[in-house]
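Start counting the sequence shown at 0; every next residue gets the next number (numbering that gives the first Met the number 0).
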Amino acid sequence: MTKDKQTPNQLKSRTPEFLTKEQVQQYKHDGFIHIPNVLTKEEIDLYLAEAKRMFQEQKKVSWDGNEGNVMDWIADVEVQSSLMRNLTLHHDITCIAEELAGTGLRLLKSELLLKRESGSTSTPMHIDDFAFPISNSP
């Protein structure tokens, strides 16, 4: 586990309490939305450096398909790194996610994913249901 570091503006929210109705509608229509400036440049640099460090030093899993590597990942990053825990539970990001979902959310698992710059293949159609055992859950 890395040493605890405070991220810039960690306790000060910079995101509006509510997204606009247009942003929520766009998300519902398109399945994604780009919301700029949720993280500061300093936060992005800090989290990116930690992600790169983790991929160099931590055990990772590779998903290799018939045509090459699909992606690499590290599971449960919030347990292995206090910085990744800060990102995983970032106030502004979780508020936006709950606003877009229209309900409260809970964390089932976290993964740090990496698509290689070269030699990476497209992600094939797949089902993640087995990884999220939520049947009969409250």
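Glycine included, each C-beta is placed from N, C-alpha and C at the ideal position.
Values in this document were obtained by computation on a predicted structure and should not be read as measured data.
Pick helix, strand or coil for serine 119, following the three-state DSSP scheme.
strand
Opening and closing residue of the alpha helix (DSSP H) in which methionine 53 lies:
40 to 56
State the CB to CB distance for the pair asparagine 68 and arginine 115, rounded to an integer number of angstroms; the pair is presumed to be in contact (CB under 8 Å).
6 Å
Evaluate the contact criterion for the region 21 to 35 versus the region 54 to 72: three or more CB pairs, one atom per stretch, below 8 Å.
no
Kindly indicate which three-state DSSP category isoleucine 92 falls into: helix, strand or coil?
helix
By the 10 Å Cβ neighbour count, where 16 or more other Cβ atoms means buried, how is threonine 39 classified, buried or exposed?
exposed
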